[in-house]
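Chemist:
Protein chains in written order, with the working numbering: chain C, 12 to 524; chain P, 49 to 353; chain Y, 22 to 310.
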């Protein structure tokens, strides 16, 4: 252990020299939080995914347009019942540690992903969908537990990245990235940065930039300042309030450009369906009706987002759009519903919220005041929030946790937006159904939609799911927030994925003038 | 001197008390570190296994004794966040904090002592009043407010200094200045008060009657005697400096122990919280002891007390 | 050249007449600032009118103007109105933490001063242990333990100023206890408690008052620091530290949500420190006379 740490320190000390020796300076990318791990399957955090993406590769990948492209798999084919998928593995690829990334290594990596004993934090979907994985010569065969229409999307996510068997066995993966990606891990200094250099043995097109220096600050204003001073080449996320600072004609526009990526991240409020008076669907609906979603998007996001009125995020193909007037507060309807439920005098309720999302709760607090609903806000550190939000029903009853505010950042895949949040089997603490919503009909319909390959009937099922969820209101959808990121002028090739992570491997600097 | 020895002998006892208090307090915190480490979706069996591995399944008293035993060998446990030993994590960060804190104190002394002496020599003058007003304002500002405004003005608008992080000497300027504000104000005021007091003594009056200028009197005679309270203030204010460092390091993204503490609180990395807390308490206690020793050497009056 | 200029400037400055109120300018400034603050806290909300929690999300971060002299914050709330309401909270903060700190510290210190030597040194050792905690770290511990919130933050702040009062009260007691006057009372048969409360405590009142005023500034700053770390007052309370820490998120696009609460805190702390210094100077000179 000690020797390993000493090695890390040496590498860390050498890192700046390695960077200086190269022709061009490292690309400095600043995030809002440090990576949580170097193990791609053991996390669900957008920022961590950003840092890990250059180190690792997945079987398939999405390009900037969202199209699925070959990754470590050169070709793939499903069986007739779409339950068995065979992936041909790209020959000649090696991990950063030199070990070959062949079918055997890919198989082991995927088997680890679905291993219940390892219980990786980002792997619950894979555990639910994939029954087993086996090697077949130069190919890998993935057998599904049930038909899953969006299976190919799953193997583009960083959680499914292929990791080196040597690093897994050494138990080092959590603090030392080891994959096949175009950049290799150099150092991770916990308080400071993650440093990555170009992987000279990369099988694909070599990256234009020599190194990436990942840094982070929890202060939104510091991210903005760093972009202006050049301390960072790229910052993500840039708080919406700074969008106007880089508007054409402003002095900062000469330094950097702000880009906007529509995001699938839905901000929502999970209501504890087992706690009085939230156990009454009318009360839950009333709370939803009293929210002025357009005001939230205007005031908190400076317009960089869209109101969300139903369970699926607006950009998912089968999503119900916000109807006329649905994005504004309907206080009278809310009052009527509360009266029907015998709660016309209002009540007190508490919400747990992570620090950066606290303003949303503060806005809701003011919006519910006319109903006599007193919202007490428990602003929590990320770690404590996970504890409170994912607590089992008894604990939430004891702590009187009525609501949890958070965002769910899934790609534009309806099943990934529905299954984790609404099915009985995913009730907290096992999944992200934080309000313990329990409806057998919904469970059945979500399963049916996931297995359905017929777009028309699938669309019908998804519409039925959304209207049932509107009626039961186990959660209150609020809005989707666009991912804003700033890039110093003269740097190109940076893009953001729909789930909010930044992609920097194709970055290049304009030739110095 | 015996008093000093007695204090030194009490130090391990005090540390024992502090460590027990910190240990109990931290273990009473909400949040199960094993669950946190394993992730929210981990099965109960994984969490139980982790608890056993971390020794969390044992009674609190046993855990504490175990902790003491290992601490005696310099082992303060493993960071829950990245799995490295707590001592290594702290030792990696300590040089950054010591450099920043040392520079801040040096700055405070270099400005505070001559400034205080000057103010005492010119008591009642405009310079004195200006300095007093400046120290009053300096001690009344919230450190992070000054830091944020300083970043906005000097890093973003004027581009004179780097925004944040550690690097060459320019990275030290803003954080060290912000951190030095409070001790600078206190040292200046203490030096002034001490020098004023000494200036009223008979031997100084004699010296002045002989025609020495107040400035010479102060530098030759008064300052030496006025420095004992300054040393006390410096030592007693170390706790304040550490508190200030927590905030300053957070704002300036300085990779020191203060920011380590804030990060660790956020992540419930309690072996690190415990290590940092104990380290800072030990630092403060040692500094106090040192100050008493220095005063006992310089001030014959204190020796008998 | 430059030195000559400075010398000339210094000579010029020395020739200027003394400041008005020059005898005790600190006391004057402090009293005026604190007096204005108390008046503003009492009557400001009535004069300005309006709801400090009322949001207008369609008019967020409006720069200072005639209708909003300090601008609006990230929720479209009027910053001046919130500052004035926040003044009441600040006064409450000071009161609560002082009552707790002095309420625990003074009796303990008085007892330690009168107690036999072994008990005295035991109490002082425990007090030293608490004092050795760097304040903010202790506060972080307390708040993590009890959960974030203004009251808990105040308890934490009070906790680390208790030892200051213990030491002050104890030292005063010890010095008075050995005075001829108290020894005479003891000879006359006065009980310990009687001496403590009727003779020693009134004599300790002035230095305690000075200490309390001086600590008030620290209380305000500490509360702001804890709020900065997200552990202090919870929304929608218009607490200054929270306002400033919320405002910092817009710094770079809008300076006013951070600047004005910062100025308010600075003014309040300067006022309290001036008052404390002034009172101490007056007390010191009167005791010397």
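Every residue gets a Cβ at the ideal spot worked out from N, C-alpha and C, and that includes glycine.
Give, in chain order, every unbroken run of the beta strand (DSSP E) that is at least 3 residues long and sits entirely within the stretch 93-135 of chain C.
Modeler: You should have 95-100.
Chemist: Closer than 6 Å by C-beta to residue 174(P): which residues in its own chain qualify, once you throw out the five before and the five after it? Chain order, please.
Modeler: For the purposes of this step, residue 174(P) is taken as the residue at position 126 of the second chain. Cβ within range, chain order: n/a, list empty.
Chemist: For residue 451(C) and residue 181(C), what's the separation of their Cα atoms in angstroms?
Modeler: To locate residue 451(C), count along the first chain from 1; it is residue 440. To locate residue 181(C), count along the first chain from 1; it is residue 170. About 44 Å.
Chemist: For residue 302(Y), which residues of its own chain have a beta-carbon under 6 Å away from its beta-carbon, when the five flanking residues on both sides are left out?
Modeler: Numbered from 1 along the third chain, position 281 holds the residue referred to as residue 302(Y). Here the set comprises nothing.
Chemist: Would you give the residue range spanned by the alpha helix (DSSP H) that residue 49(C) belongs to?
Modeler: Here residue 49(C) corresponds to residue number 38 of the first chain, with the count starting at 1. Premise fails: residue 49(C) is in no alpha helix (DSSP H) and is neither H nor E.
Chemist: Taking Cβ to Cβ, would you say residue 246(Y) is nearer than 9 Å to residue 233(P)?
Modeler: Position 225 of the third chain, counting from 1, holds the residue named residue 246(Y). Position 185 of the second chain, counting from 1, holds the residue named residue 233(P). Against a cut-off of 9 Å, the Cβ pair of residue 233(P) and residue 246(Y) comes out as no contact.
Chemist: Got a sec: which bits of the stretch 101-120 of chain P sit with their beta carbon under 7 Å from any beta carbon on chain Y, in order along the chain?
Modeler: From the stretch 101-120 of chain P, no residue has a Cβ closer than 7 Å to chain Y.
Chemist: By Cβ distance below 6 Å, which residues in the same chain neighbour residue 195(Y) in space, the five residues on each side in sequence not counted?
Modeler: By 1-based counting over the third chain, the position of residue 195(Y) is 174. So the qualifying residues of the chain are 134.
Chemist: Mind checking residue 17(C): buried by the 16 CB within 10 Å criterion, or exposed?
Modeler: Your numbering for residue 17(C) matches position 6 in the first chain. Here residue 17(C) scores only 40 on pLDDT, less than 50, and its place in the model should not be relied on; the value that follows carries that caveat. Classification for residue 17(C): exposed.
Chemist: Buried or exposed for residue 40(Y), please, with buried defined as at least 16 other CB atoms from any protein chain shown within 10 angstroms of its CB.
Modeler: Taking the third chain and counting its residues from 1, the one referred to as residue 40(Y) is at position 19. Only weak support is given to the placement of residue 40(Y): the predicted model assigns it a pLDDT of 46, under 50, and the value that follows is read from those uncertain coordinates. Under this definition residue 40(Y) is an exposed residue.
Chemist: Give me the DSSP bridge partner(s) of residue 479(C).
Modeler: Looking up residue 479(C) in the first chain gives position 468. According to DSSP, which records beta bridges pairwise, residue 479(C) is partnered with nothing at all.
Chemist: For the alpha helix (DSSP H) holding residue 232(P), just list the boundary residues, first then last.
Modeler: As a working mapping, residue 232(P) is identified with position 184 in the second chain. Here the alpha helix (DSSP H) through residue 232(P) covers 218-247.
Chemist: So with Cβ pairs under 9 Å, would you call residue 260(Y) a contact of chain P?
Modeler: By one-based count along the third chain, residue 260(Y) stands at place 239. Judged by the 9 Å Cβ criterion, residue 260(Y) is not in contact with chain P.
Chemist: Using a Cβ-Cβ cut-off of 9 Å, state whether residue 235(C) counts as contacting chain Y.
Modeler: To locate residue 235(C), count along the first chain from 1; it is residue 224. Cβ-Cβ to chain Y under 9 Å: yes for residue 235(C).
Chemist: Apart from the five residues just before and just after residue 139(P), which ones in its own chain have a Cβ nearer than 6 Å to its Cβ?
Modeler: The residue you call residue 139(P) lines up with position 91 of the second chain. Same-chain partners within the cutoff: there are none.
Chemist: Quick check on residue 247(C): does DSSP put it in helix, strand or coil?
Modeler: For the purposes of this step, residue 247(C) is identified with residue 236 of the first chain, where counting begins at 1. Correct three-state label for residue 247(C): coil.
Chemist: Cβ of residue 126(Y) within 9 Å of Cβ of residue 177(Y)?
Modeler: Position 105 of the third chain, counting from 1, holds the residue named residue 126(Y). Position 156 of the third chain, counting from 1, holds the residue named residue 177(Y). The answer is no: Cβ separation not under 9 Å.
Chemist: What is the residue span of the beta strand (DSSP E) that residue 98(Y) lies within?
Modeler: Residue mapping note: residue 98(Y) aligns to position 77 of the third chain, counting from 1. Counting along the chain, residue 98(Y) falls outside any beta strand (DSSP E), and DSSP gives it neither H nor E.
Chemist: Give me the subset of the stretch 473-487 of chain C whose CB atoms are less than 8 Å from a CB atom of chain P, sorted by chain position.
Modeler: So the list is empty, because no residue satisfies the distance condition.
Chemist: Rank 105(P), 96(P), 58(P), 112(P) by C-alpha distance to the C-alpha of residue 70(P) and give the top, closest one.
Modeler: Within the second chain, residue 70(P) is the residue found at index 22, counting from 1. The shortest Cα separation from residue 70(P) among 105(P), 96(P), 58(P), 112(P) belongs to 112(P).
Chemist: In chain Y, what lies closer than 8 Å to residue 127(P) by C-beta?
Modeler: As a first step, residue 127(P) must be located in the second chain, where it is residue number 79. Correct list: empty, because the minimum Cβ distance to chain Y is about 17 Å.
Chemist: Kindly give me the distance between the Cβ atoms of residue 390(C) and residue 107(Y), rounded to whole angstroms, as I take these residues to be in contact under 8 Å.
Modeler: The residue you call residue 390(C) lines up with position 379 of the first chain. The residue you call residue 107(Y) lines up with position 86 of the third chain. Wrong, their Cβ atoms sit about 18 Å apart, outside the cutoff.
Chemist: Counting contacts by CB-CB distance shorter than 9 Å, is residue 200(C) in contact with chain P?
Modeler: Taking the first chain and counting its residues from 1, one reaches residue 200(C) at position 189. It does: the Cβ of residue 200(C) has a partner Cβ on chain P nearer than 9 Å.
Chemist: Got a sec? Which residues, its chain only, sit under 8 Å from residue 157(C) by beta carbon, not counting five neighbours each side?
Modeler: For the purposes of this step, residue 157(C) is taken as residue 146 along the first chain, with counting starting at 1. Answer for residue 157(C): 94, 140, 458, 461, 462, listed in chain order.
Chemist: With 16 other CB atoms within 10 Å as the buried threshold, where does residue 26(C) fall?
Modeler: The count along the first chain starts at 1 and reaches residue 26(C) at position 15. Residue placement at residue 26(C) cannot be trusted, given a pLDDT of 41 that sits under 50; what the coordinates show is reported in the next sentence. It counts as buried.
Chemist: Of the residues that make up the stretch 223-234 of chain C, which ones have a beta carbon closer than 9 Å to any beta carbon in chain P?
Modeler: Listed by position along the chain: 226, 227, 228, 229, 230, 232, 233.
Chemist: One question on the structure: do residue 250(C) and residue 39(C) come within less than 9 Å of each other, judged by their Cβ atoms?
Modeler: Mapped onto the first chain, residue 250(C) falls at position 239. Mapped onto the first chain, residue 39(C) falls at position 28. No. Outside cutoff.
Chemist: Is the Cβ of residue 210(Y) closer than 9 Å to any Cβ of chain C?
Modeler: To locate residue 210(Y), count along the third chain from 1; it is residue 189. Closer than 9 Å: no.
Chemist: I want to see whether chain C comes within less than 9 Å of residue 163(Y), judged by CB atoms only; does it?
Modeler: Translated into positions along the third chain, residue 163(Y) becomes position 142. No, no contact with chain C.
Chemist: Starting from residue 155(Y), find everything on chain P with Cβ-Cβ shorter than 7 Å and list it in chain order.
Modeler: For the purposes of this step, residue 155(Y) is taken as the residue at position 134 of the third chain. In chain order: 287, 290, 291, 328, 332.
Chemist: For residue 388(C), decide whether its Cβ has a neighbour in chain Y, counting only Cβ atoms nearer than 9 Å.
Modeler: Here residue 388(C) is taken as the residue at index 377 of the first chain, counted from 1. So, interface residue.
Chemist: Establish whether the CB of residue 128(Y) and some CB of chain C are separated by less than 9 Å.
Modeler: Position 107 of the third chain holds residue 128(Y). Residue 128(Y) does not count as touching chain C.
Chemist: Name the DSSP beta bridge partners of residue 224(C), please?
Modeler: Counting from one through the first chain, the residue named residue 224(C) turns up at place 213. Bridge partners of residue 224(C): 39(C), 206(C).
Chemist: Against residue 253(C), what residues of chain B qualify as contacts under a CB-to-CB distance less than 8 Å, listed in chain order?
Modeler: Among the chains of the structure shown, chain B does not appear; the protein chains present are C, P and Y.
Chemist: Just confirm the distance between the C-beta atoms of residue 56(Y) and residue 277(Y), as a whole number of angstroms; I'd bet it's less than 8 Å.
Modeler: Taking the first residue of the third chain as 1, we reach residue 56(Y) at position 35. Taking the first residue of the third chain as 1, we reach residue 277(Y) at position 256. Rounded, the Cβ-Cβ distance is 26 Å, inconsistent with contact.
Chemist: Quick one: list the residues of chain C neighbouring residue 199(P), beta-carbon separation under 7 Å, in chain order.
Modeler: Taking the second chain and counting its residues from 1, the one referred to as residue 199(P) is at position 151. In chain order: 236.
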